[in-house]
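Q: Numbering (our numbering), first residue to last: 2 to 428. Yeah, the Cβ is synthetic: ideal placement off N, Cα and C, and Gly gets one too. A single structure is presented below for examination.
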């Protein structure tokens, strides 16, 4: 909840792609909202935080991350999100989460609000129990606060999906579509290609992505539904998305940060940190994703944070859980892409205003906006390890790696919820 104390972030480089702002400005906050940029408004004296040399960007908006069940939220994972500069987080439904039930959705929202670290936006279940057969009570889910509904990676047939699009449109809901045909992907754990064949692992073909996207985009032409595509991972998927946008379809899309950095060549000797869903594909697919990020075809980049560890990951590659921890790596890895040629404003927009538009608000620094802010030290080097990593998930592609760019402070409604001085010990 916002504090009434006034404060000023002084001397930082304010970068707000939504407003076209990139300048050294003071940011003045009162009552949890931004009340001025630049010169101090009358009577705005209060705490002054010197952020010279740092960047001040909107609090990050992550469209996919797991933080425990509705009745057992993980404070540790929410703190990891805050340590990554994230202030809004969309939580996908799981078969065991009950997010097809408005009461459970309410408990998730209330539990996150009580912890006060991150604003959590539940993605309601599109079908009852995610079984893909009967639509959930979409109107009740919308009234419970869900703006998005989806299947959380579970299968759904074309007939049910079409009906879901029609109902979602009537309830002002966005449908999250997973860019993977469950039947074509069944049993797969890597990209279907030369690397997977050499490792003797069952592959997930690009055709699984093409089939899922082609079906969803074709059905979208029959209704006014907004759809958001999660997990675009291939050049073919990018081409379909680009064509759909050119045709005027109301579609947005996101890819996990991992698919912008790594390929199936990085799997090496069956490293479980590279067992991901969607799978890592070939270098040409990665290049297409980077181009799509740079030109705006991709609206958002997410962490797809899944903090598996222990037994879930300590199994043969094909049987270990797909997914890794990523909240705290999202922003540094995004900055690496800027060094590789992605425009800075596009990169920042992909974790602020882009995903915020999907959720329905936020992701900007403007007078009157919520003071959800991330203060970043762009040139600070750090090594991912026990002393610096807040998540319980140590299985991540960046473990032991040196990263550049560190979140120094995260503010939620003007209240500091994370400071870099807080070590990862005792979390």
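Where does residue 365 fall in DSSP's three states?
A: Reduced to three states, the DSSP call for residue 365 is coil.
Q: The ligand ATP and residue 48: does the residue's C-beta get closer than 8 Å to at least one heavy atom of that ligand?
A: The ligand ATP is not among the ligands present in this structure, which contains no ligands whatsoever.
Q: Using 9 Å as the threshold, is the C-beta distance between residue 392 and residue 77 below it?
A: Taking 9 Å as the Cβ cut-off, residue 392 and residue 77 qualify as a contacting pair.
Q: Could you tell me whether the Cβ atoms of residue 421 and residue 405 are closer together than 9 Å?
A: It is not a contact, given that the beta carbons lie outside the stated cut-off.
Q: What's the gap between the Cα of residue 1 and the Cα of residue 118?
A: Absent from the structure is residue 1, since the part of the chain shown begins at 2 and ends at 428.
Q: Go to residue 16, then tell me how far its alpha helix (DSSP H) extends in each direction, as first and last residue.
A: That residue, residue 16, is in no alpha helix (DSSP H); its beta strand (DSSP E) goes 8-17.
Q: Reducing DSSP to helix, strand and coil, say where residue 316 ends up.
A: Correct three-state label for residue 316: coil.
Q: Whole angstroms are fine: how far does the CA of residue 143 sit from the CA of residue 136?
A: C-alpha separation (whole angstroms): 13 Å.
Q: Work out the CA separation of residue 294 and residue 179 for me, nearest whole Å.
A: Approximately 18 Å, taken between the alpha carbons.
Q: Which of helix, strand or coil does DSSP assign to residue 259?
A: Looking at residue 259 - three-state DSSP - the assignment turns out to be helix.
Q: When the Cβ atoms of the segment 355-371 are set against those of the segment 382-390, are three or more pairs found closer than 8 Å?
A: With the cut-off at 8 Å, the segment 355-371 and the segment 382-390 do not touch.
Q: Around the Cβ of residue 67, are there at least 16 other Cβ atoms within 10 angstroms (buried) or fewer (exposed)?
A: Burial call: buried.
Q: Just tell me which of 318, 133, 169 has its CA closest to the CA of residue 157.
A: That would be 133, whose Cα lies nearest to the Cα of residue 157.
Q: Residues in the same chain with beta-carbon distance under 6 Å from residue 214, minus the five sequence neighbours each way, listed in chain order, please.
A: Taken in chain order, the residues that qualify are 180, 238, 241.
Q: Have a look at 195, 231, 25 and flag the residue whose alpha-carbon is nearest the alpha-carbon of residue 152.
A: Out of 195, 231, 25, 231 has the C-alpha closest to the C-alpha of residue 152.
Q: Taking residue 165 as the reference, give the member of 221, 111, 190 with the closest Cα.
A: Measuring from the Cα of residue 165, the nearest candidate turns out to be 221.
Q: Can you give the Cα-Cα distance for residue 150 and residue 40, rounded to whole angstroms?
A: Near 42 Å, if we compare the C-alpha coordinates of residue 40 and residue 150.
Q: Quickly, what does DSSP pair residue 205 with across the bridge? List them, please.
A: Residue 205 pairs with 192.
Q: Assign residue 195 to one of two classes, buried (16 or more other C-beta atoms within 10 Å of its C-beta) or exposed (fewer than that).
A: Residue 195 is exposed by the Cβ-count criterion.
Q: Let me confirm a value: residue 6 is counted as buried when at least 16 other C-beta atoms fall within 10 Å, else exposed. Which label applies?
A: The residue is exposed, with fewer than 16 neighbouring Cβ atoms inside 10 Å.
Q: Classify residue 470: buried if its beta carbon has 16 or more other beta carbons within 10 angstroms, exposed otherwise.
A: Residue coverage of the chain in this structure runs from 2 to 428, which leaves residue 470 outside it and unanswerable.
Q: Span of the alpha helix (DSSP H) holding residue 284?
A: 284-296 is the span of the alpha helix (DSSP H), which, as asked, contains residue 284.
Q: Kindly identify the DSSP beta-bridge partner or partners of residue 268.
A: DSSP lists no partner for residue 268.
Q: Between residue 301 and the rest of its own chain, which residues show a CB-CB distance below 6 Å, the 5 nearest in sequence each way excluded?
A: Closer than 6 Å at Cβ, skipping near neighbours: 64, 255, 351, 355, 356.
Q: How about residue 346 and residue 18: do their beta carbons lie closer than 9 Å?
A: Yes.
Q: Leaving aside the five residues before and after residue 268 along the sequence, list all residues of the same chain whose C-beta is less than 6 Å from its C-beta, in chain order.
A: Within the same chain, residue 268 has close Cβ partners 275.
Q: Run through DSSP, which three-state label would residue 34 get?
A: Strand at residue 34.
Q: Any idea if residue 102 is buried or exposed, counting beta-carbon neighbours within 10 angstroms, 16 or more meaning buried?
A: With 16 or more Cβ atoms within 10 Å of its Cβ, residue 102 is classed as buried.
Q: For residue 111, report the span of its beta strand (DSSP E) as first-last.
A: No beta strand (DSSP E) holds residue 111; the alpha helix (DSSP H) holding it covers 103-116.
Q: Let me know if residue 329 comes out buried or exposed under the rule of 16 or more other beta-carbons within 10 Å of its beta-carbon.
A: It counts as buried.
Q: Could you check the C-alpha separation between residue 168 and residue 398 for me, to the nearest Å?
A: Near 40 Å, if we compare the C-alpha coordinates of residue 398 and residue 168.
Q: Buried or exposed: where does residue 92 fall if 16 or more other Cβ atoms within 10 Å of its Cβ makes it buried?
A: When all chains shown are included, residue 92 counts as buried.
Q: Of the residues 297, 259, 273, 296, which one's Cα is nearest the Cα of residue 282?
A: With distances taken between Cα atoms, residue 282 lies closest to 259.
Q: Is the Cβ-Cβ distance between residue 338 and residue 348 less than 9 Å?
A: The answer is yes: Cβ separation under 9 Å.
Q: I need the boundaries of the alpha helix (DSSP H) containing residue 337, first residue and last residue.
A: 331-340 is the span of the alpha helix (DSSP H), which, as asked, contains residue 337.
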